[in-house]
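In full-length UniProt numbering, the protein residues as written are 1 to 144. Have a look at the structure below before the remarks.
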């Protein structure tokens, strides 16, 4: 398991992304976990937790939180919930344009320290999350 990476599942990942874009509601629970958690990992690696919100990942923010909890990463789900509190009503819009409009109203630098702290907490658990996701893919999904 130690030497495995998500790149080893790339062909299956691409098919899953196509399925999710065509009809997210048709994903099985196990497929949804994969799509949401790998998307979160990819977005965080490309610019921190805020990238989840700037990009399409937060279209399914609540589901991502549920999936993190389901995999046993309650502390990582809590990081997203803390960022969610920065949005009106404590929940980001499922519309990417509306989310970005809200983020653009935040005073420059106001949340930088908080976001940096939350990123550091995520980065500490990221490798464990990736390993758990790989195990989930191998044991819960038929990739023939």
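We put the beta carbon where it would ideally sit given N, CA and C, even for glycine. Since the model is a prediction, treat every value here as computed from it, not as a measurement.
Pick from the options: whose alpha carbon is nearest that of residue i?
i: residue 124; options: 60, 99, 48, 92; result: 48
i: residue 105; options: 28, 114, 87, 130; result: 87
i: residue 39; options: 25, 26, 14; result: 14
i: residue 95; options: 136, 57, 42; result: 57
i: residue 135; options: 34, 24, 18; result: 34
i: residue 84; options: 16, 139, 12, 65; result: 65
i: residue 41; options: 109, 73, 99; result: 73
I think residue i touches residue j, with their Cβ atoms under 8 Å apart; what is that distance to the nearest whole Å?
i: residue 32; j: residue 63; result: 6 Å
i: residue 92; j: residue 54; result: About 10 Å; that fails the 8 Å criterion.
i: residue 143; j: residue 12; result: 5 Å
Which of helix, strand or coil does DSSP assign to residue i?
i: residue 106; result: coil
i: residue 4; result: coil
i: residue 112; result: helix
i: residue 94; result: coil
i: residue 32; result: helix
i: residue 144; result: Residue placement at residue 144 is flagged as unreliable, the pLDDT there being 47, under the threshold of 50; a coordinate-derived value is accordingly withheld.
i: residue 55; result: coil
i: residue 21; result: helix
i: residue 126; result: helix
i: residue 85; result: coil
i: residue 73; result: coil
i: residue 40; result: helix
i: residue 27; result: coil
i: residue 46; result: coil
Is it the case that the Cβ atoms of residue i and residue j are separated by a distance below 8 Å?
i: residue 71; j: residue 132; result: yes
i: residue 141; j: residue 59; result: no
i: residue 118; j: residue 82; result: yes
i: residue 9; j: residue 79; result: no
i: residue 37; j: residue 67; result: yes
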